[in-house]
């Protein structure tokens, strides 16, 4: 649980320090769901941090990863 907060704070600090608009407002916004945290730059998605455990086939369990991560053109 602590790792999630550290990663979330680091992502928030990184994106808030990135380029901002002339009026000092950040162009990045965040949203949180029960499954993870998403980041938008304006209206364009940047990444989604998956914090809850998923098991697509019931054999392997995954959590605490970034997917999808979008390119500058908006592709995954």
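In the working numbering, the protein residues as written are 1336 to 1411. Backbone N, C-alpha and C define an ideal beta-carbon position, used for all residues, glycine too.
Within the same chain, and ignoring the five residues on either side of residue 1338 in sequence, the residues whose Cβ sits closer than 8 Å to its Cβ are 1399. Check the Cα spacing between residue 1406 and each of 1382, 1391, 1342: the tightest is with 1382. For the options 1346, 1373, 1377, the alpha carbon positioned closest to that of residue 1360 is the one of 1377. Between residue 1374 and residue 1344 the beta-carbon gap is near 13 Å, outside 8 Å, which marks them as no contact.
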